[in-house]
Amino acid sequence: MKARLVILGIVIVLVCALIPPLVASSSSGGGEKKEFFIKARQYAYDPPRITVNKGDELHIRLASLDVVHGFFLEGHDIDAQIEPGVRQFKLRHPSEGKEFTDVNEVVFTVEHTGKFRYRCSHTCGTLHPFMQGELIVCPNYPFLAASGGTVGVLISTLLVIFLAGKKHKDAMPGGDAQ
Amino acid sequence: MGNQPANSVDKAKDAPKDSGQVKRFRIDLFEKIPFLKKFCKWRSFQFLAVFPNLVIFLFFLYAGLFGSRVGNRNIIIIFVWIFWWFLLITFMVPFASRIWCVLCPFPFFGEWFQRRALIKVRSGKTGGLRNKMFGLNKKWPKALSNIWLQDIGFLALCTFSALFLTRPIISVVVLGGLFLVATVLAFFYRQRAFCMYVCPVSGFQGLYAMTSMIELRAVDPQVCRKECKTKNCLTGSEKGWGCPWYQYVGKMERNNYCGLCMECVKSCPNDNISVFARPFCGDTQVKGYDESWKAFIMLALAMVYAVTLLGPWGTIRDWANIAEVRNWKGLGIYAGIIWFTALIAIPAVWALASWLGKLLAGVRSISTKEIFVKYSYMLVPLGLLAWIAFSFPLIMVNGSYIISVISDPLGWGWDLLGTADVAWRPILPEYTVYLQILLLLFGLFFALKRGYDISLTLYQDKSQAVRSIIPTGVVCAVIIFAFLRLFTG
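Residue numbers (numbering that gives the first Met the number 0), protein chains in the order written: chain A, 0 to 177; chain B, 0 to 488.
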C-alpha cells in the first residue's frame, strides 16, 4: 500500500510538472530577427533582462558606460569584452580558442529554452562577480515545469499523507487512528 | 471548522504534546567504525582539528589587510565567502551537523585562556564544574540566554553583506571583530558563551543542524537518567572538560546546541555517548520564538541574497553597495525591506497561516502560538535547501577563482602552483537551474512531510493533522515558487 501511494505521489508530481510546458508549447512563436543594444556599467546591464522566443535570431550590440566589462552568455559559447567609448567590441567563442576578434554585433539564433544569464567576465570592480543580466528564451520550459512541480509536490504530499492516514485509520479496530 | 467529531477536543487534549521528536532508525557510528570512537576520544583531537584552521584564518586576515583590494584576487574573499560558505551550507551542516564548530578558530584563544591548556584537562572545582577554569566565569545574563542576539546580529551583518562579501578589508573587520569578541567574552563569561549566544554563524548552524544526518546522543538515555549520578558530560571530569555548550547529553534531543567537541565522549563514565547516522531532518522541534524568528530571518535573507547577488537588478545592487554608490536613501530602502520582510512580513503571514490551520483542524485547545512555533520547523528544511540552491551558482560560476587565487593568495602576482593565470570559466552554469529546481522541490517535500510529522504530535486525528498543515504548506509552496521565479523564471 505504501509503495502504491508513493507511486501515486510521483505520478501526480510528474503530471503537474508536464501540464504547463505542454500548454505553453502549443503557442509557438520564434523565427524573428530581434535587435538589442545592451549597455554595461558597474555592476549591471541595461536592459537587465531580455525576453525572446526560441528560434529568434538575435543581433546584440554592446557598449560600456564606464570601465572595461565582459559579456559571457551562458549556454551559448559567447564571451565578449567591451571597452568604454568604443563602438566595436571584442568577441570570442571560448570553446574554439582564446582569440578575440573585433565585431560590431554578435549574431546568433537561440535554440534552447530557459533562463541564461549574461555575466561580466572581466574584473570590473568590487561587485564584479555579481554583475549579470538575464536572457529568457520562451517558452521557459524549466520554469514552467518547476512551477507545475511545486503544485504537484504540494498536492501529492498532502494527499498521500492524508490517504496513508486514512488507510491506517480504517485498518484500526474501531477506526481509531491510534 | 466546527464539524469535527465530538471527541476530537478530548483527543487533542490527550494528544502527546511531547518533544515533537520523530523517532527513526539510527546507526551507531562508534560501533560501526571503532577508529572514529578512538579518534574522538583522543585528547589531541580538537587541537589538531582547529590549530591548522587557526593558522589559515590568521593568514586570511593578513591577506585581507595587505593583499589585493580586488575581492576575486584575494584569498579571504574567495575562500571564506565562496568556498567555505559553500562547504558549510551544502555539506557540513546537512551531513555533519555543527562539525564547523569543532574547526572554528574564533574561540581558540578564549578557550585557551579559560583552560590554560590546549590538550590536557585540569581537574578541580569551578562553579558546578569538576574542572579548574580561569577567568571570571560569570553566568551569561538570563535575559540574553536565547538566540535573539544571534538573530538580530546576523540580520544586521547581512544587511551590509554586499560590502564584506566583496571587500577584503571589510571582511577583516567583520571576521577579526568576531574573533576579538569571542576572545574578550571568554575572559568574563563561562565556557562558550560567545558560541552559544552571540556568534551569528552559530545561530543558523544550530537551526539547520536539526536537519543534519548525524547526531551526538546518549546510547541509552535511561543510563544517563537513572544510573549516572555525576553527569560528567555536563560537569567534566579528569578525562574531559565539562560541556562548553552547557548541554546534558542525557536530555539532549536536538543538534541545535551541540558543538561536537567530543569532550562528553571522553568524560562519560558509562561510555554511553556516541555519534549516530540518521535520516535527513531527524530533529523536528523548534522551541520558542527566538528559533522561529531565526527560521524567518534565514529565509528572508536567502531571498534577499538571491535578488541582490544573483538577480539582474543593478538598482538593488547599487542600494546595497553603499561604499561606492553612497546612496543612503537607497540603503535605507534596502535595509527597511530586509528587516520588514524578515521580522514582520514573513512572521505575519506565518501567524495567519497558523491561525487558519487551527481553524481548519477545528481543535480549539491547541493554541495558535503553539502551531506557529512548532510549524515554523517547516521553514528549516525549506530554508536550508533554498540556501543550498543559492550557493551552487556561487561555486559553479566563481569556482575557477579558487584555482587561480590559491596560486596567488594575496593578488601580488605570485604563481605558487602554476594556476594563477587560469581564466575565469563557469562550470556548466546553464545547468544550474535544474539542480536548483530539484533542491527546492526536495525542500518543499521535506517541509510538508516533517510538518505533518509535527502535526501528529499535536493532533491524534490524522485528518485534523493534515488539515492543520494545509495553510502553512501553501505558504511553503508560495515561497518555493518565489525562489523558482528568481532562479529559473
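From the three backbone atoms N, C-alpha and C, an ideal C-beta is built for every residue, glycine too.
Note that this is a predicted model, so its numbers are computed, not measured.
| Asked | Found |
| --- | --- |
| Residue 37 (chain A) at chain B interface by Cβ criterion, 7 Å | no |
| Beta-carbon proximity list for residue 477 (chain B), same chain, < 7 Å, skipping 5 on both sides | none |
| Residue 393 (chain B) beta carbon less than 7 Å from that of residue 66 (chain B) | no |
| Rounded straight-line distance, which links the Cα of residue 161 (chain A) to that of residue 305 (chain B) | 34 Å |
| Bridge-paired residues (DSSP) for residue 137 (chain A) | A:52 |
| Within 7 Å, strictly: CB atoms of residue 101 (chain B) and residue 259 (chain B) | yes |
| Closest residue to residue 238 (chain B) among B:118, B:103, B:387 and B:138 (Cα-Cα distance) | B:118 |
| Nearest to residue 31 (chain B) (by Cα), restricted to the options B:224, B:227, B:276 and B:142 | B:276 |
| As assigned by DSSP and simplified to three states, the class of residue 110 (chain A) | coil |
| Min CB distance residue 71 (chain B) to chain A below 7 Å | yes |
| Amino acids of chain C, ordered along the chain, whose beta-carbon sits closer than 8 Å to that of residue 473 (chain B) | Absent from the structure is chain C; the protein chains it does hold are A and B. |
| Cutoff 7 Å: residue 451 (chain B) Cβ touching any chain A Cβ | yes |
| Touch test, the region 435-452 of chain B against the region 370-377 of chain B, Cβ-Cβ under 8 Å, three pairs minimum | yes |
| As assigned by DSSP and simplified to three states, the class of residue 100 (chain A) | strand |
| Closest Cα partner of residue 140 (chain A) within the set A:36, A:46, A:15 and A:42 | A:15 |
| Contact set between the region 124-148 of chain A and chain B, restricted to residues whose Cβ is under 7 Å from the partner | 125, 126, 127, 128, 129, 131, 132, 133, 139, 141, 142, 145, 146 and 148 |
| Cutoff 7 Å: residue 488 (chain B) Cβ touching any chain A Cβ | yes |
| C-alpha gap between residue 109 (chain A) and residue 56 (chain A), whole angstroms | 7 Å |
| Contacts of residue 161 (chain A) in chain B (Cβ-Cβ under 8 Å) | 461, 462 and 465 |
| Inter-residue Cα distance where the pair is residue 132 (chain B) and residue 307 (chain B) | 46 Å |
| 7 Å Cβ shell around residue 301 (chain B) - same chain, five flanking residues per side excluded | 382, 385, 386 and 389 |
| Proximal chain A residues relative to residue 173 (chain B), where beta-carbon distance stays under 8 Å | Per Cβ cutoff of 8 Å: no residues; residue 173 (chain B) is ~15 Å from chain A at best. |
| Proximity test, Cβ basis, 7 Å: residue 114 (chain A) and chain B | yes |
| For residue 210 (chain B), three-class secondary structure by DSSP | coil |
| Spatial neighbours of residue 354 (chain B) in its chain, beta-carbon cut-off 6 Å, leaving aside the 5 residues before and after | 367 |
| Rounded straight-line distance, which links the Cα of residue 435 (chain B) to that of residue 242 (chain B) | 38 Å |
| Same chain only: Cβ atoms within 7 Å of residue 128 (chain B), ignoring 5 sequence neighbours per side | 234, 235 and 241 |
| Beta carbon proximity, residue 43 (chain A) to chain B, threshold 7 Å | yes |
| Cβ pair count under 8 Å reaching 3, the region 262-281 of chain B against the region 210-222 of chain B | yes |
| Closest residue to residue 484 (chain B) among A:144, A:26, A:97 and A:155 (Cα-Cα distance) | A:144 |
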